[in-house]
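Here is the structure we will look at.
In UniProt numbering, the protein residues as written are 1 to 90.
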């Protein structure tokens, strides 16, 4: 007997190692992982290892967190909708 799911769950693609680019075309860094809100079943952020430090932004031990609303697309690279608001991640 085959089991049928009543929910439409899509797997989250692996982003580890994908290059991250701002809408301006500037490379920001390399993706590490996604931040997921398990209570609301949604992705909330993208963890990124920075190529170079940005002015007025301190990277934490794990890099920086970019709110997911700034992610425009994920394929062979990750493209952001604009220059993002960046938060350090410890």
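For glycine and all other residues, C-beta sits at the position ideal for the given N, C-alpha and C.
What does the alpha-carbon distance come out to for the pair residue 21 and residue 65? About 14 Å.
Between which two residues does the beta strand (DSSP E) carrying residue 46 extend? Run containing residue 46: 42–50, per the beta strand (DSSP E) assignment.
Among 42, 37, 47 and 43, which residue has its Cα nearest to the Cα of residue 31? Answer by Cα proximity: 47.
Who are the near neighbours of residue 80 in its chain, counting only those whose CB is closer than 8 Å to its CB and skipping five residues on each side? Setting aside the 5 residues that flank it on each side, residue 80 is surrounded in the same chain by 20, 21, 22, 23, 28, 66, 70, 71 and 72, each with a C-beta closer than 8 Å to its C-beta; the list follows chain order.
Can you list, in chain order, the residues of its chain with a C-beta nearer than 6 Å to that of residue 83? Leave out the 5 residues immediately preceding and following it. Same-chain partners within the cutoff: 22.
Delimiting residues of the beta strand (DSSP E) encompassing residue 31: Run containing residue 31: 27–37, per the beta strand (DSSP E) assignment.
Give me the residue from 15, 76, 77 and 74 with the minimum Cα distance to residue 34. Comparing Cα positions, the closest option is 15.
Could you pull the DSSP bridge partners for residue 73 from this structure? For residue 73, which the question treats as bridged, DSSP gives the partners 79.
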